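Per numbering that gives the first Met the number 0, the very first residue in the sequence shown carries number 0; after that it's consecutive.
Glycine residues also receive a C-beta, built at the ideal position from the N, C-alpha and C atoms.
Quick caveat, the model's predicted, so the values are computed rather than measured.
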Amino acid sequence: MSQKSNADGEPKVLFLEDKLHEEFGAGSARVICPITDPFVRHHGALGSFVRLYLKDLTNIDSVLAYCKSLPEVEIEPNAVIGSRKLEHDLSKVKDHPLRSHGGLSEQAIPLIMHKRTSNAAKAVAAAKQWRNYDIFELVLNGSR
0 MSQKSNADGE PKVLFLEDKL HEEFGAGSAR VICPITDPFV RHHGALGSFV RLYLKDLTNI
60 DSVLAYCKSL PEVEIEPNAV IGSRKLEHDL SKVKDHPLRS HGGLSEQAIP LIMHKRTSNA
120 AKAVAAAKQW RNYDIFELVL NGSR
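Below is the structure:
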């Protein structure tokens, strides 16, 4: 989990549905944020993953290209995605820095074990891009 605010505490948020409506017209897309728990204040019901529903599927390639051009989608490590500014009350995170987890910038993590890994596991590790959930594979099948 990492901070998703500027140094002054202002949340760094991409309101994707608002941006898509500006670019492709009102009602062209609906963005659903799966992190909607209002009791977890530091999330602000924002995250690094959203579901996108398009009204016109013939626009899918241009919408995808547009989304990839937005730095908060893949490049900016300290930003989160929301749907519409009207749906997210960020005043509730003013006294707590906005925090979230699970974005592309947080996938690379150190895997630390207290046992040596087997030679077979070392060979696999050299050819694989490990993710945090891979620790189970490593601990259960790769230690000696």
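Below 8 Å, can you find three or more Cβ-Cβ pairs linking the stretch 108-127 to the stretch 49-64?
no
Under the three-state reduction of DSSP, which class applies to A6: helix, strand or coil?
coil
Can the beta-carbon of P10 be found less than 8 Å from the beta-carbon of L89?
yes
With a 10 Å radius around its C-beta and 16 neighbouring C-beta atoms as the bar for buried, classify I74 as buried or exposed.
exposed
Given this structure, state the Cα-to-Cα distance separating Y65 from R83, to the nearest angstrom.
17 Å
For G24, count neighbouring C-beta atoms within 10 Å of its own C-beta (all shown protein chains included) and say buried if the count is 16 or more, exposed if not.
exposed
Since I believe G141 is in contact with T116 (beta carbons under 8 Å), could you give me their beta-carbon distance rounded to a whole number of angstroms?
5 Å
May I ask you to report which of helix, strand or coil DSSP gives I59?
helix
Which word fits A28, buried or exposed, when buried means at least 16 other C-beta atoms lie within 10 angstroms of its C-beta?
buried
Taking the alpha-carbon of L13 as reference, which of V49, V138, A6 and D7 has the nearest alpha-carbon?
L13 has its Cα closest to that of V49, out of V49, V138, A6 and D7.
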